[in-house]
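J.:
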Amino acid sequence: MIYFDNAATTFLSDRAAKTYAETATVQYANSESLHSFGFAASNLLENSRRVIAQKMGVKPDEVYFCGCGTLADNTALLGSVNPKRGGRIITTAFEHPAVLNTAKKLEENFEVIYLKPVNGHITPEMLADVLTEDTRLVSVMHVNNETGAVQDIRAMALLAHRVGALFHTDAVQGFMKEPFGYSCVDLASFSAHKTHGPKGLGALYVKKGVNVRPIYYGGEHEKGLFAGTVNVPGICAWAQALTEQDAEKDRKTVALLKERMLMRLAPLCPITVSPEDGSPYILNVVFPHYIAENIIHALSMREMYISSGSACSSRHPGAVFKALGLEQYAKNALRISFCTQNTAEEVDTFCDALGEILSKLIKK
Ligand code: PLP
6 MIYFDNAATT FLSDRAAKTY AETATVQYAN SESLHSFGFA ASNLLENSRR VIAQKMGVKP
66 DEVYFCGCGT LADNTALLGS VNPKRGGRII TTAFEHPAVL NTAKKLEENF EVIYLKPVNG
126 HITPEMLADV LTEDTRLVSV MHVNNETGAV QDIRAMALLA HRVGALFHTD AVQGFMKEPF
186 GYSCVDLASF SAHKTHGPKG LGALYVKKGV NVRPIYYGGE HEKGLFAGTV NVPGICAWAQ
246 ALTEQDAEKD RKTVALLKER MLMRLAPLCP ITVSPEDGSP YILNVVFPHY IAENIIHALS
306 MREMYISSGS ACSSRHPGAV FKALGLEQYA KNALRISFCT QNTAEEVDTF CDALGEILSK
366 LIKK
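The numbers in the numbering used here rise by one with no breaks, and the one at position 4 of the sequence shown is 9.
This is the structure:
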């Protein structure tokens, strides 16, 4: 099997799986329980929080665990602004649906501006042009999940702060892939399964002093922000997986794979959608005369796995491609996404197979 769909999800690392099993079967107490077994689970939780916070470049008491990246995004947007006060919210047209659809909901009470990428990016200058004194929140993703475009969120956070607005970033595809400390923003969303942690686990970073209301109600877990028994085994497993990674070193390893992929794909004449300075983890290419779904199926028959490069159905072109002004290619785009466990040999085998498949598929 060749797995180049790491932006969709990553495998759980062996040691993380062992940590999960051990915590869930041996140290399985509820971290809120008032007995020594519960205190032991609480200690494991807080140790893991420290490890994960350190990787995020923030303080442990600013990290709140929750059910997934989607929930972190929803809470960041819905919980940080006051509908009664209204005002402007700025986001981008190429956000993940977790932000995009939440922003649509906020249109009921706010003026929501969707910045459209130019040359694949959202720049600080574009943000500066639409920032107003009544801007309450800016949400710009760190790394785009379809193209790998990296946004200068540090500069954008500075601009947002100048008008007194909060700055949120969806860091799901950026965390551990771009060496970056998130303490310069007010809110950041994370998802464990994109970084070799378990599925069904996310985190929201909330800078000290920033007020976020819960979007659902229950007990006092995670200081009341995310009620529900805390997933201690999952969090311990995520911490374990992160300790095995080095964002800087891993980025260099993966960059070589992307470079090789581009070189080996060149004879097949794709259009590269990913910006040149984009994340090395994500490569989006278009073969204009071929339907991506057909290519994906043919590759899948050979146990080679990639994604369509535009989250779309045949009737609904992907929002990202629409935002990029590349609507005409929405059905032709392939997303190839890497992790450090991929190899140069896999790249070669994949490109040979892709060449064969394209030569046999009927052009549309
Ligand atoms: N944000 C981005 C950029 C993503 O790529 C994803 C997942 O694909 C999410 C948010 C949602 O994360 P989760 O699957 O943990 O809900």
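Here a beta-carbon is modelled for each residue, glycine too, at the ideal position from N, C-alpha and C. These numbers were taken from a predicted model, which means no experiment stands behind them.
Would you list the one or two residues that DSSP bridges to F99?
T.: None, per the DSSP bridge assignment.
J.: Bridge partners of E371, per DSSP?
T.: Because the chain spans 6 through 369 in this model, residue 371 falls outside it and cannot be assessed.
J.: Taking Cβ positions, are K370 and K228 nearer each other than 8 Å?
T.: An answer regarding residue 370 cannot be provided, because it is not within the stretch 6 to 369 covered by the chain.
J.: Does T97 have its Cβ less than 8 Å from a Cβ in chain C?
T.: The structure shown has no chain C; it contains just one protein chain.
J.: Relative to the ligand PLP, is the shortest distance from any of its heavy atoms to the C-beta of Q178 smaller than 7 Å?
T.: Yes, the ligand PLP has a heavy atom inside 7 Å of this Cβ.
J.: For M161, which residues of its own chain have a beta-carbon under 7 Å away from its beta-carbon, when the five flanking residues on both sides are left out?
T.: These residues qualify, in order along the chain: P129, L132, V143, V145, F172.
J.: For N150, is the classification buried or exposed, using 16 other Cβ atoms within 10 angstroms of its Cβ as the cut-off for buried?
T.: Classification of N150: buried, given that the 10 Å Cβ count is 16 or more.
J.: Using beta-carbon positions only, say whether I311 and F9 come within less than 8 Å of one another.
T.: Result yes, Cβ atoms of I311 and F9 sit closer than 8 Å.
J.: Roughly how many angstroms lie between the CA atoms of Q333 and V291, to the nearest whole one?
T.: Each residue's alpha carbon lies about 10 Å from the other.
J.: Rounded to whole angstroms, what is the Cα-Cα separation between V56 and K23?
T.: So the alpha carbons of these two residues sit roughly 17 Å apart.
J.: Are the CB atoms of V259 and A338 within a distance shorter than 8 Å?
T.: Taking 8 Å as the Cβ cut-off, A338 and V259 do not qualify as a contacting pair.
J.: How many angstroms separate the CA atom of C241 from the CA atom of T248?
T.: Going by the C-alpha atoms only, they are around 11 Å apart.
J.: Using DSSP bridges, identify the partner residues of L142.
T.: L142 pairs with I94, L171.
J.: Note down, in chain order, each residue of its chain lying with its Cβ closer than 6 Å to the Cβ of E351, except the 5 sequence neighbours on either side.
T.: Here the set comprises I7.
J.: At the level of alpha carbons, what is the spacing between G360 and H302?
T.: In a straight line, the C-alpha of G360 is about 14 Å away from that of H302.
J.: Do you know how far the Cα of R20 is from the Cα of G169?
T.: Roughly 44 Å separates the two Cα atoms.
J.: How about S313: is its Cβ closer than 7 Å to a heavy atom in the ligand PLP?
T.: Checking the Cβ of S313 against the ligand PLP gives no.
J.: At the level of alpha carbons, what is the spacing between D251 and G179?
T.: Straight-line Cα distance between these residues: approximately 13 Å.
J.: Could you please give the first and the last residue of the uninterrupted alpha helix (DSSP H) stretch that includes F180?
T.: Here F180 belongs to no alpha helix (DSSP H), and DSSP marks it neither H nor E.
J.: Between G74 and the ligand PLP, is there a pair consisting of the residue's CB and a ligand heavy atom that are separated by less than 7 Å?
T.: At least one heavy atom of the ligand PLP is nearer than 7 Å to the Cβ of G74, so yes.
J.: Alpha carbons only, please: which of V123, T28, Y222, A165 is nearest the one belonging to G84?
T.: Nearest of V123, T28, Y222, A165 to G84, Cα basis: Y222.
J.: Per the contact definition of three or more C-beta pairs closer than 8 Å, is the segment 33 to 46 in contact with the segment 65 to 72?
T.: Contact fails: fewer than three Cβ-Cβ distances are below 8 Å.
J.: Where does the unbroken beta strand (DSSP E) through Y230 begin, and where does it stop?
T.: Checking the sequence, you will find Leu at residue 230 rather than Tyr. Premise fails: L230 is in no beta strand (DSSP E) and is neither H nor E.
J.: With the cut-off set at 8 Å, would you say G91 and S194 are in Cβ contact?
T.: No, the pair does not count as a contact, with Cβ atoms beyond the cut-off.
J.: Under the criterion of a Cβ to heavy atom distance below 7 Å, does H198 qualify as lining the ligand PLP?
T.: At least one heavy atom of the ligand PLP is nearer than 7 Å to the Cβ of H198, so yes.
J.: Taking the alpha carbon of G314 as the reference point, which residue from I276, A349, T348 has its own alpha carbon closest?
T.: With distances taken between Cα atoms, G314 lies closest to I276.
J.: May I ask which residues mark the beginning and end of the alpha helix (DSSP H) holding I301?
T.: Start and end: 297 to 306.
J.: Nearest-angstrom Cα distance between Y119 and P219?
T.: Cα to Cα, Y119 sits roughly 25 Å from P219.
J.: Got a sec? Which residues, its chain only, sit under 7 Å from R265 by beta carbon, not counting five neighbours each side?
T.: Here the set comprises A349, V352.
J.: Straight-line CA distance for V217 to L76?
T.: Going by the C-alpha atoms only, they are around 13 Å apart.
J.: Which residue from T137, L331, G224, M309 puts its Cα closest to that of E37?
T.: When each option's Cα is compared against that of E37, the closest is G224.
J.: Sorted by chain position, which residues of the same chain lie with C-beta nearer than 7 Å to S196's C-beta, five sequence neighbours on each side aside?
T.: Hits under 7 Å: C73, G74, V177, G207.
J.: Can you have a look at V190 and say buried or exposed, based on whether 16 or more other CB atoms are within 10 angstroms of its CB?
T.: Buried is the call here.
J.: Given that a residue counts as buried once 16 or more other Cβ atoms are within 10 Å of its Cβ, and exposed if not, what is S305?
T.: That one is exposed.
J.: Just the C-alpha distance for P184 and K199, rounded to the nearest angstrom, thanks.
T.: Distance between the alpha carbons of P184 and K199 is about 15 Å.
J.: Suppose contacts are defined by Cβ-Cβ distances below 8 Å. Is V86 in contact with R141 by that definition?
T.: Going by C-beta atoms, V86 is nearer than 8 Å to R141.
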